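Asker: One structure follows; several queries about it will come next.
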Amino acid sequence: MTQIVYDGSYEGWLTAVFEIYEYKLKGIVFAKEEISNTLLFSNSHFVTTNGEKANRVLNDLQQRLSHHGFNNIYFAFLSELEKIEEILFRFVEYAFASPINIEGDLSRIEVSNVKKAAHLTGKESHRMKAFVRFKLTKDNLYYAIVDPDCDVLPIIEQHFKNRYSDQRWLIYDSKRKYGIYYDLENVSTVEMQFESNASSSFLAEINDENEEFFQNLWRNYFCSVNIESRKNTKLHIKHMPKRYWKNLTEKIPNLNKR
Amino acid sequence: MVQERVMEKLAILADATKYDVSCSSGQSTRKNKNKGLGDTGGGICHAFTEDGRCVSLLKILLTNHCIFDCAYCVSRKSNDIKRVAFTVQEVVDLTIGFYRRNYIEGLFLSSGIFDNADYTMERLVRIVKKLRLEENFNGYIHLKAIPGASEELLKEAGLYADRLSVNVEMPTEQSLKLLAPDKNHKDVIKPMEYLKNEIIDYQEEKKSNYKTPLFAPAGQSTQMVIGATKENDMEILGMANYFYEQMKMRRVYYSGYVPISHDNRLPAIGTPVPMIRENRLYQADWLIRYYGFNVNEIVGFDQPNLDLDIDPKLGWALRNLHQFPVDINTADLELIQRIPGIGFLSAKKIVRRKKFQKITARRFKEIRNCLQPIEVFLGFFFAFLYAKRPNFCSNKKSDFEFAKQ
Ligand code: SF4
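Taken in order, these protein sequences are the chains called A and B. The first sequence begins at 1 in my numbering and counts up one residue at a time. The second sequence begins at 259 in my numbering and counts up one residue at a time.
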């Protein structure tokens with residue numbers, strides 16, 4: 001068994017794939033840097049992320065897969081499912097070994113697992129486009145906190161850039177402790193500590209004076225469009241899973257009034 | 259904005275539109291230009307009400323003042339309710355404030371009739387113009403055209419809105435006369451006709467000159483209230499078919515009547531909302547728009563109403579058993595689409611696949627991605643009969659090993 005220790009990034013993982021071939025490593029298990037301290041394995045290989053190696057793997061994959069299949073690898077990686085690195089490695093191994101394009105071969109678990117994982121990320125990124133709720137600060141920044149299961153920020157960036165090109169915004173992933181920030185020109189990745197359950201007085205401090213009003217308007221609107229006689233909680237939760245509620249303005253009770 | 263007042267108005271004027279069902283954003287093509295705000299395209303549902311419907315637009319009335327007295331409407335003149343009206347600027351601020359916070363995809367704006375049709379329509383137009391021209395807003399806008407409004411105003415509305423709709427409300431002229439004595443069938447049909455022609459003209463012109471401005475790029479739609487009057491499904495679908503064919507409508511919406519008054523022309527308060535019927539009508543509507551069914555194949559004089567227990571496609575199949583079983587390896591797209599349980603996407607996939615290989619039962623299941631029996635309608639297996647309406651695709655989730663749901 002060889003434990004492959006990498007930095008948790010996509011580039012890092014691609015570098016690792018390159019090195020597995022380069023050093024002919026066998027029986028691999030992936031580990032991200034921070035949790036690798038527990039040295040259960042006698043054999044550890046440490047990967048230093050390397051753009052050139054990563055690109056060579058990407059180029060090779062690009063030639064063997066359709067555009068869609070190629071993207072699916074990235075999407076699957078972002079799903080952060082348990083053991084996704086191994087699942088993906090098995091897929092890549094199969095792709096490299098086969099003379100023809102294998103992505104349609106759903107009878108093979110290597111292929112179908114990746115497709116399912118990619119689908120999961122796709123679905124969640126779609127939901128995030130809907131469920132981001134911006135709040136406005138005094139200095140004109142629209143910020144939102146999200147907490148998705150999959151690491152979707154990199155793939156929803158373009159959507160928000162297109163849509164909100166005339167306002168500064170920040171979408172912060174409280175699970176992964178990083179955000180994407182748009183400064184009216186470019187989107188950049190920012191790492192920061194953002195207290196998601198900050199006190200209401202602190203929020204009142206940083207938020208625009210109309211912010212609370214708009215949130216209350218939205219909450220009231222959300223209540224008044226509901227048709228009581230048609231209540232269907234099961235359907236409601238199916239569309240808006242509970243795990244998203246804590247960041248959804250309309251699902252947070254108004255603490256100040258009523 | 260005077261906050262308290264606006265809060266109250268929103269509660270009242272949103273409440274009054276909630277039975278209007280055209281809440282989704284239709285396909286439009288407005289792009290964000292010159293670093294403006296927003297775009298339309300995907301059509302995202304941003305929230306879901308507790309009754310499970312999606313919220314994608316800020317759906318409000320400009321006012322619930324009305325000079326008309328339509329029996330089925332909360333805003334009717336004779337109803338004793340609190341009357342309020344937004345100012346033009348308030349609607350603009352609300353829309354922009356909500357859009358910038360990513361609550362909505364755009365605005366759906368309807369209105370009671372203030373004074374006369376044009377006076378009201380002119381305000382609606384002012385709002386859209388302000389949004390587009392002053393706020394550089396490219397989100398979706400659906401405007402309700404006021405029956406009887408002048409052509410000049412309709413034309414302006416079309417230049418700035420994505421979709422326009424004039425509601426017929428009632429499936430027949432008689433019912434309209436009965437329940438909306440001030441309304442005139444002609445006043446509804448005339449603007450529809452005008453809009454249809456304008457939409458076609460602009461589209462034609464756009465082909466030769468790409469600089470031609472957009473005109474209601476998401477087309478027009480209309481709505482019918484179902485279950486308030488005696489019409490059967492054949493009359494309702496017949497009317498819908500007329501709108502699709504003669505008026506080139508994008509959508510016809512069916513809204514199950516929610517009893518709101520003690521008027522004895524209408525179902526009494528407490529009468530259940532015809533939800534299943536409404537759902538069946540939508541299914542039938544789909545069959546007509548996407549599956550190539552003719553209205554007469556779905557409802558006819560011998561059976562003027564849709565079956566509430568089974569969906570209309572299965573109903574059609576059971577009435578036409580002589581067409582089954584179908585061998586999907588020889589059937590064409592038209593026929594494959596007609597097999598209950600096969601959607602038009604699966605049907606297309608099947609046809610594409612057929613070019614390469616024979617579709618066996620196993621491959622078929624791969625395509626459909628669910629294993630419920632519809633074999634009775636196919637050529638694979640021995641026929642067996644349903645006990646009940648099959649629950650298609652209910653096993654989708656369980657075969658998904660690591661779904662985190
Ligand atoms: S004209 Fe419209 S708002 Fe006025 S009563 Fe009739 S349906 Fe209601």
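Where a beta carbon is used, it is the ideal one built from N, C-alpha and C, also for glycine. Since the model is a prediction, treat every value here as computed from it, not as a measurement.
Run through DSSP, which three-state label would Q193 of chain A get?
Answerer: The residue you call residue 193 of chain A lines up with position 193 of the first sequence. In this structure, Q193 of chain A counts as coil in the three-state DSSP scheme.
Asker: Which residues neighbour the ligand SF4 when neighbourhood means a C-beta less than 5 Å away from any of its non-hydrogen atoms? List them by chain order.
Answerer: Result (chain order): B:C324, B:F326, B:C328, B:C331, B:S333, B:R334, B:G370.
Asker: Starting from the beta carbon of A130 of chain A, find every residue of chain B whose beta carbon is closer than 7 Å, and list them in chain order.
Answerer: In the first sequence, the residue the question calls residue 130 of chain A occupies position 130. Within chain B, the residues near A130 of chain A are I302, C303, H304.
Asker: Please state the DSSP three-state secondary structure of F640 of chain B.
Answerer: By one-based count along the second sequence, residue 640 of chain B stands at place 382. With a pLDDT of 31 at F640 of chain B, under the threshold of 50, the predicted position of this residue should be treated as unreliable, though the coordinate-derived value follows. DSSP places F640 of chain B in coil when its eight states are reduced to three.
Asker: Given E103 of chain A, which residues of its chain have a CB within under 7 Å of its CB, disregarding the five upstream and five downstream residues?
Answerer: As a position in the first sequence, residue 103 of chain A is number 103, starting the count at 1. Hits under 7 Å: L65, S66, G69, V111.
Asker: Give me the chain A residues within the contact set of D709 of chain B, using Cβ-Cβ distance strictly less than 7 Å, ordered along the chain.
Answerer: Since the first and last residues shown for chain B are 259 and 663, residue 709 of chain B lies out of range.
Asker: Quick one: list the residues of chain A neighbouring L603 of chain B, beta-carbon separation under 8 Å, in chain order.
Answerer: Walking along the second sequence from the start, residue 603 of chain B turns up at place 345. Under the 8 Å cutoff, chain A gives no residues; its nearest Cβ is about 15 Å from L603 of chain B.
Asker: For M497 of chain B, which beta-bridge partners are listed by DSSP?
Answerer: Position 239 of the second sequence, counted from the start, is the residue given in the question as residue 497 of chain B. Paired residue(s): none; M497 of chain B is not in a bridge.
Asker: What does the alpha-carbon distance come out to for the pair E85 of chain A and E22 of chain A?
Answerer: The count along the first sequence starts at 1 and reaches residue 85 of chain A at position 85. The count along the first sequence starts at 1 and reaches residue 22 of chain A at position 22. Distance between the alpha carbons of E85 of chain A and E22 of chain A: 18 Å.
Asker: With a cut-off of 8 Å on the beta carbons, I'd call T378 of chain B and I399 of chain B a contact; round off their distance for me.
Answerer: Mapped onto the second sequence, residue 378 of chain B falls at position 120. Mapped onto the second sequence, residue 399 of chain B falls at position 141. Not confirmed; about 17 Å, so no contact.
Asker: Which runs of the alpha helix (DSSP H), 4 residues or longer, sit entirely within the stretch 521-585 of chain B?
Answerer: DSSP runs (the alpha helix (DSSP H)) wholly in the stretch 521-585 of chain B: 533-548, 553-556, 570-577.
Asker: With 16 other CB atoms within 10 Å as the buried threshold, where does T588 of chain B fall?
Answerer: Locating residue 588 of chain B in the second sequence gives position 330, where the first residue counts as 1. Classification for T588 of chain B: exposed.
Asker: State the beta-bridge partners of Y398 of chain B as determined by DSSP.
Answerer: The residue labelled residue 398 of chain B in the question sits at position 140 within the second sequence. Note: Y398 of chain B sits in a beta bridge opposite B:G364.
Asker: Counting only C-beta atoms, is R647 of chain B closer than 8 Å to chain A at any point?
Answerer: Reading the second sequence from its first residue, position 389 is the one you call residue 647 of chain B. Reliability of the predicted coordinates at R647 of chain B is poor, the pLDDT of 37 falling under 50, and the value obtained from them is presented with this limitation in mind. For R647 of chain B, the answer is no, since every Cβ of chain A falls outside 8 Å of its Cβ.
Asker: Shorter than 8 Å from the beta carbon of L268 of chain B to some beta carbon of chain A?
Answerer: Residue 268 of chain B sits at position 10 when you count from the first residue of the second sequence. Yes, contact with chain A.
Asker: Would you say D420 of chain B reaches chain A, if we count a Cβ-Cβ gap shorter than 8 Å as a contact?
Answerer: Start at 1 with the first residue of the second sequence, and residue 420 of chain B comes out as number 162. No, D420 of chain B lies away from the interface with chain A (no Cβ there is under 8 Å from its Cβ).
Asker: Skipping 5 residues on each side, what residues in its chain have a beta carbon closer than 7 Å to that of E211 of chain A?
Answerer: For the purposes of this step, residue 211 of chain A is taken as the residue at position 211 of the first sequence. The answer, listed in chain order, is K135, L136.
Asker: Touch check for the stretch 362-374 of chain B and the stretch 307-327 of chain B: three-plus C-beta pairs under 8 Å?
Answerer: Flag = yes, the stretch 362-374 of chain B and the stretch 307-327 of chain B touch.
Asker: Just checking: is the beta-carbon of Y181 of chain A within a distance shorter than 8 Å of some beta-carbon in chain B?
Answerer: Position 181 of the first sequence holds residue 181 of chain A. No, Y181 of chain A lies away from the interface with chain B (no Cβ there is under 8 Å from its Cβ).
Asker: Please report the straight-line C-alpha distance between A641 of chain B and V426 of chain B, rounded to a whole angstrom.
Answerer: Within the second sequence, residue 641 of chain B is the residue found at index 383, counting from 1. Within the second sequence, residue 426 of chain B is the residue found at index 168, counting from 1. Only weak support exists for where A641 of chain B lies, its pLDDT of 32 falling under 50; the value from the coordinates is given anyway. So the alpha carbons of these two residues sit roughly 45 Å apart.
Asker: Using a beta-carbon distance cut-off of less than 8 Å, what residues from the stretch 340-372 of chain B approach chain A?
Answerer: Going along the stretch 340-372 of chain B in chain order, one finds L352, G355, F356, R358, R359, N360, Y361 with a Cβ nearer than 8 Å to chain A.
Asker: Output the residue ranges of the beta strand (DSSP E) runs that lie fully inside the stretch 15-88 of chain A and measure 3 residues or longer, sorted by chain position.
Answerer: Those beta strand (DSSP E) runs which fall completely within the stretch 15-88 of chain A and span 3+ residues are 28-32, 44-46.
Asker: Just the chain A side, please: which residues come within less than 8 Å of V516 of chain B by C-beta, in chain order?
Answerer: The residue given as residue 516 of chain B occupies position 258 in the second sequence. I227, S229, listed in chain order.
Asker: Given that a residue counts as buried once 16 or more other Cβ atoms are within 10 Å of its Cβ, and exposed if not, what is T529 of chain B?
Answerer: Here residue 529 of chain B corresponds to residue number 271 of the second sequence, with the count starting at 1. Under this definition T529 of chain B is an exposed residue.
Asker: Given that a residue counts as buried once 16 or more other Cβ atoms are within 10 Å of its Cβ, and exposed if not, what is Y512 of chain B?
Answerer: Taking the first residue of the second sequence as position 1, residue 512 of chain B is located at position 254. Looking at its Cβ environment, which holds 16 or more other Cβ atoms inside 10 Å, Y512 of chain B is buried.
Asker: Going by the CB atoms, is the gap between N72 of chain A and V114 of chain A shorter than 8 Å?
Answerer: Numbered from its first residue, the first sequence carries residue 114 of chain A at position 114. Numbered from its first residue, the first sequence carries residue 72 of chain A at position 72. Yes, they are a contact pair.
Asker: Just to confirm, are Y549 of chain B and F602 of chain B a CB contact at a threshold of 8 Å?
Answerer: Here residue 549 of chain B refers to the residue found at position 291 of the second sequence. Here residue 602 of chain B refers to the residue found at position 344 of the second sequence. Yes, the Cβ-Cβ distance between Y549 of chain B and F602 of chain B is below 8 Å.
Asker: Is Y142 of chain A close to chain B? Criterion is C-beta to C-beta, closer than 8 Å.
Answerer: To locate residue 142 of chain A, count along the first sequence from 1; it is residue 142. Cβ-Cβ to chain B under 8 Å: yes for Y142 of chain A.
Asker: Rounded to whole angstroms, what's the CA-CA distance from L629 of chain B to E209 of chain A? Just pull it up for me.
Answerer: Along the second sequence, read from residue 1 onward, the residue named residue 629 of chain B stands at position 371. Along the first sequence, read from residue 1 onward, the residue named residue 209 of chain A stands at position 209. With a pLDDT of only 43 at L629 of chain B, under the threshold of 50, the placement of this residue in the model should not be trusted, and no figure is reported.
Asker: Which ranges does the alpha helix (DSSP H) cover as unbroken runs of at least 4 residues, wholly within the stretch 416-448 of chain B, from first to last along the chain?
Answerer: Qualifying alpha helix (DSSP H) stretches, in chain order: 431-437.
Asker: Just the chain A side, please: which residues come within less than 8 Å of D273 of chain B by C-beta, in chain order?
Answerer: Taking the second sequence and counting its residues from 1, one reaches residue 273 of chain B at position 15. Ordered by position in chain A, the residues that pass the 8 Å Cβ test against D273 of chain B are S224, V225.
Asker: Starting from the C-beta of I371 of chain B, find all residues in its chain whose C-beta is less than 7 Å away, skip the five residues before and the five after it, and write them out in chain order.
Answerer: Position 113 of the second sequence, counted from the start, is the residue given in the question as residue 371 of chain B. C324, I325, F326, T378, I404.
Asker: From what residue to what residue does the beta strand (DSSP E) around G514 of chain B run?
Answerer: One-based indexing of the second sequence puts residue 514 of chain B at position 256. Segment 509-514, the beta strand (DSSP E) holding G514 of chain B.
Asker: With DSSP run on the structure shown, which of helix, strand or coil describes M1 of chain A?
Answerer: The residue you call residue 1 of chain A lines up with position 1 of the first sequence. In the structure shown, M1 of chain A sits in coil (DSSP, three-state: anything other than H, G, I, E or B).
Asker: Assuming contact is defined by CB atoms lying nearer than 8 Å, are E308 of chain B and T233 of chain A in contact in what I supplied?
Answerer: Counting from one through the second sequence, the residue named residue 308 of chain B turns up at place 50. Counting from one through the first sequence, the residue named residue 233 of chain A turns up at place 233. Yes. Within cutoff.
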